[in-house]
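Structure first, commentary second.
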Amino acid sequence: MPSSATGAPPKELRPRDVIDLGEGVITLLDQRALPSQERRLSLTSTGEVVEAIATLAIRGAPAIGIAGAMGVALAARRALEAGEDPMEAALAAGAAIRVARPTAVNLAWAVDAQVARVHEASSAEPNRLVSELEGAARALHEAEVQRCEQIGAHGRTLMGRGARILTHCNTGALATGGYGTALGIIRAAHEADSTVRAVVDETRPLLQGARLTTWELDRLGITYTLICDNMAAALMADGRVSNVVVGADRIAANGDAANKIGTYGLAVIARAHDVPFYVAAPTSTVDLSTPTGRDIAIEERRADEVRGLELHGRPIAPADAPVANPAFDVTPAHLIAAIITERGVQRPPYERSLAAG
Ligand code: MRU
Numbered sequence: 221m222p223s224s225a226t227g228a229p230p231k232e233l234r235p236r237d238v239i240d241l242g243e244g245v246i247t248l249l250d251q252r253a254l255p256s257q258e259r260r261l262s263l264t265s266t267g268e269v270v271e272a273i274a275t276l277a278i279r280g281a282p283a284i285g286i287a288g289a290m291g292v293a294l295a296a297r298r299a300l301e302a303g304e305d306p307m308e309a310a311l312a313a314g315a316a317i318r319v320a321r322p323t324a325v326n327l328a329w330a331v332d333a334q335v336a337r338v339h340e341a342s343s344a345e346p347n348r349l350v351s352e353l354e355g356a357a358r359a360l361h362e363a364e365v366q367r368c369e370q371i372g373a374h375g376r377t378l379m380g381r382g383a384r385i386l387t388h389c390n391t392g393a394l395a396t397g398g399y400g401t402a403l404g405i406i407r408a409a410h411e412a413d414s415t416v417r418a419v420v421d422e423t424r425p426l427l428q429g430a431r432l433t434t435w436e437l438d439r440l441g442i443t444y445t446l447i448c449d450n451m452a453a454a455l456m457a458d459g460r461v462s463n464v465v466v467g468a469d470r471i472a473a474n475g476d477a478a479n480k481i482g483t484y485g486l487a488v489i490a491r492a493h494d495v496p497f498y499v500a501a502p503t504s505t506v507d508l509s510t511p512t513g514r515d516i517a518i519e520e521r522r523a524d525e526v527r528g529l530e531l532h533g534r535p536i537a538p539a540d541a542p543v544a545n546p547a548f549d550v551t552p553a554h555l556i557a558a559i560i561t562e563r564g565v566q567r568p569p570y571e572r573s574l575a576a577g
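For the sequence shown, my numbering gives the first residue as 221, with consecutive numbering after it.
This is the structure we're talking about:
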């Protein structure tokens, strides 16, 4: 199998390289500019936080949850510095940020937890409230990274020697604030067995696999093969994929899992070729209040994300081509061999295993 690791020296992304909360500022690596440019953004207002999340400067379910929690703390800190009411500012920020993207439950979950802190602290010193919101946002960041490391440790036990692990979208440090979920499993498996290889779907339309997962794998020194999304079946038919491991944006109580568009198709192909299909996600992505995948809101994004690309300097489609652009799809639980969380390897029936943790 041709592989395309660059041989670049391994250079691990630290959590604070991905996103960091300072006093009155959030700094993050702008994922829209990767891999060609490593550009840092500084966010100082709720509007900038909403825009960074909506335009995918920061993306991936756990990472947007962390950004949301930091955004609420940022608004409170800014209000305090301006002599305004931090509580009011935090609540207004929470309302605006929690709806910036609808599918990943992590965003609403993390923002709601901050809003609950504001309500609980209603009579507290403004200074104390702001420090508490900042501390909670930083603690969430640390906790998500730890959850990912545990997912990696559990998940690697499922990958055989010399595994060829196909993954979709980007689920690495960039998507989680550090370490990664599905990519964390690839990383942990590779640490245990250096012959492990990744197969990376480019992930149309926004190419998170081609742009971001390859960039992370290069830095980690893990050999990979980049493929177009429509090549997965051919590689599986040739026996060139031993496992599929993907992340999730929201896992319903019955185990149905929403993830980047194209994931469902991969699960169907994997079943047809007897390739185990795994979902890796922290429990912050499990939404027991959503009964099934049919109840998950799927984000529909701009038509130009699909038709606006260029090839050889020319548009790939008529400028007004009618387009469908659902950003996520739902993989039914019956196609998922196991869901790997920080608590362990959860097997069907998921109604029972997810509820039990
Ligand atoms: O639209 P994106 O890039 O935010 O979509 C990201 C994904 O679908 C990831 O697979 C998912 O959030 C899991 S990240 C650990």
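Here a beta-carbon is modelled for each residue, glycine too, at the ideal position from N, C-alpha and C.
Using C-beta distances below 6 angstroms, list every residue in its chain close to Thr391, excluding the 5 sequence neighbours before and after it, in chain order.
Residue numbering aside, residue 391 sits at position 171 when the sequence shown is read from its first letter. Closer than 6 angstroms at Cβ, skipping near neighbours: Gly400, Thr401, Ala402, Leu403 and Gly467.
Would you say Arg407 and Ile447 are within 9 angstroms of each other, going by their C-beta atoms?
Here the question's residue 407 lines up with position 187 in the sequence shown. Here the question's residue 447 lines up with position 227 in the sequence shown. Contact: no.
Kindly identify the DSSP beta-bridge partner or partners of Glu520.
For the purposes of this step, residue 520 is taken as the residue at position 300 of the sequence shown. Beta bridge pairing from DSSP links Glu520 with Pro546.
For the candidate residues Pro502, Gly528 and Ala472, whose alpha-carbon lies nearest to that of Arg572?
Counted from its first residue, the sequence shown places residue 572 at position 352. Of the listed residues, the one whose Cα sits closest to Arg572 is Ala472.
Pro282: beta carbon under 8 angstroms from a heavy atom of the ligand MRU?
Within the sequence shown, the letter at position 62 stands for residue 282. Look at Pro282: its beta carbon is less than 8 angstroms from one of the heavy atoms in the ligand MRU.
Arg424 versus Leu327 - alpha carbon distance
Taking the sequence shown and counting its residues from 1, the one referred to as residue 424 is at position 204. Taking the sequence shown and counting its residues from 1, the one referred to as residue 327 is at position 107. As the crow flies, the alpha-carbon of Arg424 is around 23 angstroms from that of Leu327.
Taking the alpha-carbon positions, what's the Val461 to Leu378 distance?
The residue given as residue 461 occupies position 241 in the sequence shown. The residue given as residue 378 occupies position 158 in the sequence shown. Roughly 14 angstroms separates the two Cα atoms.
Say the cut is 8 angstroms; is the CB of Val420 nearer than that to a heavy atom of the ligand MRU?
Stepping through the sequence shown from its first residue, residue 420 is reached at position 200. No, since every heavy atom of the ligand MRU falls outside the 8 angstroms radius drawn around the Cβ of Val420.
Whose C-alpha, out of Glu362, Gln334 and Asp469, is nearest the C-alpha of Ile500?
Residue mapping note: residue 500 aligns to position 280 of the sequence shown, counting from 1. A small fix is needed here, since residue 500 is Ala in this sequence, not Ile. Selected option, being the one with the closest Cα: Asp469.
Quick one: what does DSSP say Thr387 is sitting in, helix, strand or coil?
For the purposes of this step, residue 387 is taken as the residue at position 167 of the sequence shown. Note: Thr387 maps to strand in three-state DSSP.
Would the beta-carbon of Val526 be found less than 8 angstroms away from any heavy atom of the ligand MRU?
Counting from 1 along the sequence shown, the entry for residue 526 is found at position 306. If you check the C-beta of Val526 against the ligand MRU, you find no heavy atom less than 8 angstroms away.
Would His339 be called buried (16 or more neighbouring beta carbons within 10 Å of its own) or exposed?
Here residue 339 is taken as the residue at index 119 of the sequence shown, counted from 1. Its Cβ having fewer than 16 others within 10 Å, His339 is exposed.
Examine the ligand MRU and report whether any of its heavy atoms sits within less than 8 angstroms of the Cβ of Leu360.
Taking the first residue of the sequence shown as 1, we reach residue 360 at position 140. Checking the Cβ of Leu360 against the ligand MRU gives no.
If I follow the unbroken beta strand (DSSP E) through Arg514, where does it start and stop?
Residue numbering aside, residue 514 sits at position 294 when the sequence shown is read from its first letter. First-last for Arg514: undefined, no H or E at that position.
State the DSSP-derived secondary structure class of Tyr444, mapped to helix, strand or coil.
Start at 1 with the first residue of the sequence shown, and residue 444 comes out as number 224. Note: Tyr444 maps to strand in three-state DSSP.
Per-residue burial, His532 [other beta carbons within 10 Å of its own, 16 or more giving buried]
Counted from its first residue, the sequence shown places residue 532 at position 312. That one is exposed.
From Cys368 to Asp237, what does the alpha carbon distance come to, in whole angstroms?
Within the sequence shown, numbered from 1, the residue matching residue 368 stands at position 148. Within the sequence shown, numbered from 1, the residue matching residue 237 stands at position 17. Using only the alpha carbons, I get a separation of about 17 angstroms.
Range covered by the beta strand (DSSP E) that runs through Gly564
On the sequence shown, residue 564 is found 344 positions in, with the first residue counted as 1. Per DSSP, Gly564 is one residue of the beta strand (DSSP E) stretching across Gly564 to Gln566.
Could you work out which residue in Leu311, Gly382, Gly577 and Val365 is closest to Gly564 when comparing CA atoms only?
In the sequence shown, the residue the question calls residue 564 occupies position 344. It is Gly577.
Which residue's Cα is closest to the Cα of His410: Met290, Gly372 and Ala478?
Against the sequence shown, residue 410 aligns to sequence position 190. Taking His410 as reference, the option from Met290, Gly372 and Ala478 with the minimal CA-CA separation is Gly372.
Could you tell me the distance, in whole angstroms, from the CA atom of Tyr570 to the CA atom of Ala553?
Here residue 570 corresponds to residue number 350 of the sequence shown, with the count starting at 1. Here residue 553 corresponds to residue number 333 of the sequence shown, with the count starting at 1. Distance from the CA atom of Tyr570 to the CA atom of Ala553, rounded to whole angstroms, is 8 angstroms.
Rounded to the nearest angstrom, what separates Asp476 and Leu276 at their Cα positions?
Looking up residue 476 in the sequence shown gives position 256. Looking up residue 276 in the sequence shown gives position 56. Computed Cα separation, rounded: 24 angstroms.
Does the distance from the CB of Ala341 to the CB of Met290 come in under 9 angstroms?
Position 121 of the sequence shown, counting from 1, holds the residue named residue 341. Position 70 of the sequence shown, counting from 1, holds the residue named residue 290. When the beta-carbon positions are compared, Ala341 and Met290 stay at least 9 angstroms from each other.
Cβ atoms of Thr433 and Thr387: under 9 angstroms apart, would you say?
Stepping through the sequence shown from its first residue, residue 387 is reached at position 167. Stepping through the sequence shown from its first residue, residue 433 is reached at position 213. Thr433 is positioned such that its CB atom lies closer than 9 angstroms to that of Thr387.
With DSSP run on the structure shown, which of helix, strand or coil describes Leu426?
Working through the sequence shown from its first residue, we reach residue 426 at position 206. Residue state, collapsed to three classes: coil.
Are the CB atoms of Leu233 and Ala393 within a distance shorter than 9 angstroms?
The residue labelled residue 393 in the question sits at position 173 within the sequence shown. The residue labelled residue 233 in the question sits at position 13 within the sequence shown. Yes. Within cutoff.
Going by DSSP, what residue range makes up the alpha helix (DSSP H) through Leu353?
As a first step, residue 353 must be located in the sequence shown, where it is residue number 133. Its alpha helix (DSSP H) spans residues Pro346 to Arg376.
With DSSP run on the structure shown, which of helix, strand or coil describes Ile481?
Taking the sequence shown and counting its residues from 1, one reaches residue 481 at position 261. It is coil, neither helix nor strand.
Thr445: buried (16+ other C-beta within 10 angstroms of its C-beta) or exposed?
Taking the sequence shown and counting its residues from 1, one reaches residue 445 at position 225. Thr445 should be labelled buried.
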